[in-house]
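Step one of this worksheet: look at the structure below.
There are 2 protein chains.
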Amino acid sequence: MRPARRDTRAEILSLAEQLFHARGYHGFSYQDIAQALGVKNAAIHYHFASKEDLGLALIGRLRELVRKNLELFRGNPIDPVAAIQAYFGYYRNHCAATHSICAVGMLAAELSTVPDAMRLQARALADEMRELLAAILEAGRARGVMQFAGEPAARALSLMCTMGGAAQVTRLKDSPEVLETVIAQVSRELGLAA
Amino acid sequence: MRPARRDTRAEILSLAEQLFHARGYHGFSYQDIAQALGVKNAAIHYHFASKEDLGLALIGRLRELVRKNLELFRGNPIDPVAAIQAYFGYYRNHCAATHSICAVGMLAAELSTVPDAMRLQARALADEMRELLAAILEAGRARGVMQFAGEPAARALSLMCTMGGAAQVTRLKDSPEVLETVIAQVSRELGLAA
DNA sequence: AATTTTACTTACTACTAAGTAAGTATTTTG
DNA sequence: CAAAATACTTACTTAGTAGTAAGTAAAATT
Numbered sequence: 000m001r002p003a004r005r006d007t008r009a010e011i012l013s014l015a016e017q018l019f020h021a022r023g024y025h026g027f028s029y030q031d032i033a034q035a036l037g038v039k040n041a042a043i044h045y046h047f048a049s050k051e052d053l054g055l056a057l058i059g060r061l062r063e064l065v066r067k068n069l070e071l072f073r074g075n076p077i078d079p080v081a082a083i084q085a086y087f088g089y090y091r092n093h094c095a096a097t098h099s100i101c102a103v104g105m106l107a108a109e110l111s112t113v114p115d116a117m118r119l120q121a122r123a124l125a126d127e128m129r130e131l132l133a134a135i136l137e138a139g140r141a142r143g144v145m146q147f148a149g150e151p152a153a154r155a156l157s158l159m160c161t162m163g164g165a166a167q168v169t170r171l172k173d174s175p176e177v178l179e180t181v182i183a184q185v186s187r188e189l190g191l192a193a
Numbered sequence: 000m001r002p003a004r005r006d007t008r009a010e011i012l013s014l015a016e017q018l019f020h021a022r023g024y025h026g027f028s029y030q031d032i033a034q035a036l037g038v039k040n041a042a043i044h045y046h047f048a049s050k051e052d053l054g055l056a057l058i059g060r061l062r063e064l065v066r067k068n069l070e071l072f073r074g075n076p077i078d079p080v081a082a083i084q085a086y087f088g089y090y091r092n093h094c095a096a097t098h099s100i101c102a103v104g105m106l107a108a109e110l111s112t113v114p115d116a117m118r119l120q121a122r123a124l125a126d127e128m129r130e131l132l133a134a135i136l137e138a139g140r141a142r143g144v145m146q147f148a149g150e151p152a153a154r155a156l157s158l159m160c161t162m163g164g165a166a167q168v169t170r171l172k173d174s175p176e177v178l179e180t181v182i183a184q185v186s187r188e189l190g191l192a193a
């Protein structure tokens with residue numbers, strides 16, 4: 000009943016998520032995970048019968064995270080600036096720090112070699128991410144702490160593309176300065192304090 | 000002396016480039032190319048001993064293209080708006096039309112599973128692309144046909160990230176509308192006519 | 001206490017990948 | 001015309017991949 004002395008399933012998911020962000024869906028194998036956890040190949044298959052199952056669980060967890068953040072912000076949209084700084088913070092502390100890129104960009108790159116169901120999940124993740132950003136931008140402009148032209152949804156899409164690309168170029172150039180330059184540029188354009 | 004009735008090497012490169020943009024470096028095999036060209040596996044190895052050689056040749060060609068465009072623009076920078084429209088046009092007519100993404104984004108995603116030499120080439124490609132965009136933006140602002148805050152190099156980097164990300168999300172969502180929305184938003188912010 | 005379920009291991013299969021060595025027909029060159 | 005380089009094919013090796021079937025020890029359930 001109580002969690003065993005070790006939650007292998009959770010460890011698999013967590014390691015797979017790291018590996019996915021760093022190397023992509025096709026960039027890690029069951030063997031990689033098994034070795035790192037000190038178990039055998041088949042143990043991973045016990046928890047996730049197919050790699051597709053593992054991939055879907057992975058994206059599912061990310062969607063859950065975005066969904067929760069959206070709910071949280073919608074329930075209490077008093078500080079859009081803090082929310083967008085947290086968004087930038089993800090790229091600073093997660094992507095740049097671990098030399099990985101965001102899931103949407105990774106999945107977009109691997110799109111044509113990934114199972115159909117994962118494609119659908121990836122689309123949903125992108126939609127939800129866009130929705131969250133649009134909510135933040137809309138609240139920011141309404142409260143007079145952000146400026147931009149056009150619809151919040153359009154600006155959110157553009158921002159999402161910019162930050163996804165920034166994570167990629169930051170990794171490509173192995174230079175956190177790239178990320179900082181883009182964040183500074185975007186902040187300037189949104190009228191945020193530098 | 001004259002090119003034989005068939006230039007297999009060029010056909011390999013050209014097909015490999017398409018496959019790379021659509022499926023990534025690890026997303027296609029020598030077998031894929033061989034079958035499509037009606038030759039055997041080893042024939043590809045004859046022209047490109049290793050896959051790394053093929054990959055390097057591929058990126059080399061793209062670098063050459065960017066370099067030529069930069070030279071061309073530097074030699075005759077009278078129409079920055081046309082130049083940036085051509086840049087947008089690449090994403091419309093190449094990426095969106097063929098459901099592929101740009102090389103820098105693809106390489107950034109596959110970075111950690113790609114040979115070292117390709118990483119270096121990819122970095123150089125990104126640098127050159129940024130240089131070209133910076134030249135266009137700088138000329139555009141100098142001539143009063145574009146507006147933006149900050150350094151041209153910073154704005155160029157941000158634009159490159161935005162467009163790379165836009166190609167990816169466009170493919171992910173299978174929706175050219177995504178690309179058009181981002182181009183419209185960016186154009187608005189740069190003060191270009193819609 | 002007996003039974004069933006959980007969480008694995010052992011030992012495999014089937015497949016695909018890049019890469020290679022040796023041979024062959026066709027051009028090109030001296 | 002002979003020699004050599006070109007552009008392959010045939011047949012293979014090596015290595016890595018996801019996935020599976022059958023067995024096992026420990027824990028939970030009845």
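Chains as they are written, first to last, in numbering that gives the first Met the number 0: chain A, 0 to 193; chain B, 0 to 193. Beta carbons are placed, not taken as given, at the ideal position from N, Cα and C, and that holds for glycine. Here the structure is a predicted model, which means the values were calculated and not measured.
Would you check if the segment 122-134 of chain B and the segment 113-131 of chain A touch, i.e. whether three or more CB-CB distances between them fall below 8 Å?
no
Cα-Cα separation, A:Ala141 to B:Gly59:
For the pair A:Ala141 and B:Gly59, the Cα-to-Cα distance works out to about 48 Å.
Compare the C-beta of B:Gly164 with all C-beta atoms of chain A and state if any pair is closer than 7 Å.
yes
Locate the alpha helix (DSSP H) running through A:Glu51, then write down its first and last residues.
For A:Glu51, the enclosing alpha helix (DSSP H) stretches over residues Lys50 to Gly74.
Just the Cα atoms here: how many angstroms apart are B:Glu10 and B:His25?
The alpha-carbon atoms of B:Glu10 and B:His25 are separated by roughly 19 Å.
Interface residues of chain A around B:Thr97 at Cβ under 9 Å?
Ordered by position in chain A, no residue passes the 9 Å Cβ test against B:Thr97, which lies about 11 Å from the chain.
Alpha carbon to alpha carbon, how far is B:Ala148 from A:Thr180? Give it in angstroms, no decimals.
Distance from the CA atom of A:Thr180 to the CA atom of B:Ala148, rounded to whole angstroms, is 13 Å.
Exposed or buried, what is B:Thr161 when buried is set at 16 or more other beta-carbons lying within 10 Å of its beta-carbon?
buried
B:Arg1 in three-state terms, based on DSSP:
At B:Arg1 the pLDDT is 38, less than 50, meaning the model places this residue with poor confidence; the figure from the coordinates comes in the next sentence. In the structure shown, B:Arg1 sits in coil (DSSP, three-state: anything other than H, G, I, E or B).
In whole angstroms, give me the CA-to-CA distance for A:Leu189 and A:Asp78.
15 Å
Please list the partners that B:Cys160 has in chain A, where partner means a Cβ-to-Cβ separation under 7 Å.
Thr161, Gly164, Ala165, Val168 and Val181
Under 8 Å by beta carbon: chain B residues contacting A:Arg142
Under the 8 Å cutoff, chain B gives no residues; its nearest Cβ is about 21 Å from A:Arg142.
For A:Val103, which of A:Phe19, A:Ala192 and A:Leu14 has the nearest alpha-carbon?
A:Phe19
Can at least three beta-carbon pairs, one atom from the segment 167-174 of chain A and one from the segment 104-123 of chain B, be found at a separation below 8 Å?
yes
Which value, in whole angstroms, describes the spacing of the CA atoms of B:Phe87 and B:Leu71?
B:Phe87 and B:Leu71 have their alpha carbons spaced roughly 17 Å apart.
Anything in chain B within Cβ reach of A:Leu106, meaning under 8 Å, just list it in chain order.
Leu171
Secondary structure at A:Leu191, three-state DSSP: helix, strand or coil?
coil
If you run the structure through DSSP and keep just helix, strand and coil, what is A:Cys276?
Past the edges of chain A, shown from 0 to 193, lies residue 276 of chain A, and the structure says nothing about it.
According to the neighbour-count rule (16 or more other Cβ atoms, all chains shown, within 10 Å of its Cβ), is A:Ser194 buried or exposed?
As displayed, chain A neither begins before 0 nor continues past 193, which places residue 194 of chain A out of reach and without an answer.
Report all residues from its chain with a CB closer than 7 Å to the CB of A:Arg73; omit the five preceding and five following residues, and keep chain order.
Ala134
Whole-angstrom C-beta distance between A:Glu63 and B:Ala108, which should lie under 8 Å:
No, B:Ala108 and A:Glu63 are not in contact; Cβ-Cβ is about 23 Å, not under 8 Å.
A:Gly139 burial status per 10 Å Cβ neighbour count (16 or more: buried):
buried
Which residues, taken in chain order from the segment 51-85 of chain A, show a beta carbon closer than 7 Å to some beta carbon of chain B?
Answer in chain order: no residues at all.
Is the distance from the Cβ of B:Ala153 to the Cβ of A:Gln184 below 7 Å?
yes
Only counting the same chain, and skipping five residues up and downstream in sequence, which positions put a Cβ closer than 7 Å to that of B:Gly164?
none
Just tell me which of A:Leu61, A:Cys101 and A:Arg91 has its CA closest to the CA of A:Ala123.
Closest by alpha carbon: A:Leu61.
By alpha-carbon positions, which one of A:Pro114, A:Gln17 and A:Ala85 ends up nearest to A:Asp52?
Of the listed residues, the one whose Cα sits closest to A:Asp52 is A:Pro114.
What are the residues in the segment 120-140 of chain A lying within 7 Å of chain B by C-beta distance?
Ala121, Arg122 and Ala125
Other residues of its chain near A:Gly54: CB distance less than 6 Å, five sequence neighbours each side excluded
Scanning its chain for C-beta atoms nearer than 6 Å, with the 5 sequence neighbours on each side dropped, one finds around A:Gly54 the residues Tyr24 and Met117, in chain order.
Spatial neighbours of B:His44 within its chain, please: CB distance less than 8 Å, with the 5 preceding and 5 following residues excluded, ordered by chain position.
For B:His44, the CB contacts under 8 Å within the same chain, skipping 5 residues up- and downstream, are Tyr29 in chain order.
Find the nearest neighbour of B:Gly37 within the set B:Arg5, B:Val177 and B:Lys67, judged by alpha-carbon distance.
Comparing Cα-Cα distances from B:Gly37 to each of B:Arg5, B:Val177 and B:Lys67, the minimum goes to B:Arg5.
Consult DSSP for B:Thr7 and reduce its assignment to one of helix, strand or coil.
helix
Using the rule of at least 16 other Cβ atoms within 10 Å of the residue's Cβ for burial, across every protein chain shown, is A:Thr169 buried or exposed?
Per the 10 Å Cβ criterion, buried.
Residue burial classification, A:Ser99 (beta-carbon count within 10 angstroms, cutoff 16)
Label assigned to A:Ser99: buried.
By the criterion of Cβ-Cβ separation under 9 Å, what are the contact partners of A:Gln30 in chain B?
The premise fails here: A:Gln30 is roughly 15 Å from chain B at the closest Cβ pair, so nothing lies under 9 Å.
Is any beta-carbon of chain B found at less than 7 Å from that of A:Ser111?
yes
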